[in-house]
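Let me begin by presenting the structure, written as structure tokens, before commenting on it.
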Amino acid sequence: MLHLPTFVAALVLLIVLTPICLWVIFTDLKYMKIRNAASLTLLGVFVVVGPLVMPFGDWAWRWSHLAVVLAVGLVLNMVAHFGMGDVKFAAAGAPLISHTPGSLQLVLLLIATTTLITFALHRIARAIPAVRRATPDWESWKRADFPFGLVLATTLWGYYALIVAITA
């Protein structure tokens, strides 16, 4: 444990999470699937990088976030048709979110905001013929449901981007 300042810890995680979030956004838009490998990679970041950038007690406690989000996600999958890829990615990302009230409020605000913005942008983009021609094989243009991995990945990335910006 390096006991890094919040800014440095958040910046390290932001850098490491960026390609994973981009991967999830791309695969969910193109295939309407979040690969298990993406969720496992995200969890691997918490396993490997987490103890290096956060106090061990916080790191250990955050494993409970995974269990809680996974349990809630399974219920949402059964009753609200929430995709299992979304459930697994959300559960894998949950330990990366602090359990402080301010962090939870920030994440809820980000989820609400990114849901509205990404839904609108997705629907606008798929209505533009040039976009459809450039990405003709994207499954998310054809289906009525929405690629929620776009929201989850954007929320996780935005959480760390805001922490970096606030603590800089």
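Be aware that the sequence shown starts at 1, since it is given in UniProt numbering, and climbs by one per residue. Backbone N, C-alpha and C fix where the C-beta goes; we use that ideal spot for every residue, glycine too. Computed from a predicted model, the values in this text were never measured in an experiment.
Residues of its chain near residue i, where Cβ-Cβ distance is below 6 Å and the 5 sequence neighbours each way are ignored
i         : result
residue 4 : 53
Rounded separation between residue i and residue j - CA only
i           : j           : result
residue 134 : residue 45  : 33 Å
residue 23  : residue 16  : 12 Å
residue 145 : residue 96  : 27 Å
residue 58  : residue 67  : 15 Å
residue 60  : residue 81  : 31 Å
residue 139 : residue 121 : 16 Å
residue 71  : residue 123 : 30 Å
Cβ-based neighbour list, residue i, same chain, cut-off 7 Å, excluding 5 preceding and 5 following
i           : result
residue 132 : 126, 141
residue 7   : 164, 167, 168
residue 110 : 155, 158, 159
Other residues of its chain near residue i: CB distance less than 8 Å, five sequence neighbours each side excluded
i          : result
residue 89 : 24, 34, 38, 39, 42, 149, 152, 153
residue 30 : 135, 137, 138, 139, 140
Which of helix, strand or coil DSSP assigns to residue i
i           : result
residue 10  : helix
residue 135 : coil
residue 129 : helix
residue 101 : helix
residue 3   : coil
residue 123 : helix
Integer-rounded CB distance, given that residue j should sit under 8 Å from residue i
i           : j           : result
residue 28  : residue 147 : 4 Å
residue 49  : residue 13  : 7 Å
residue 106 : residue 162 : 7 Å
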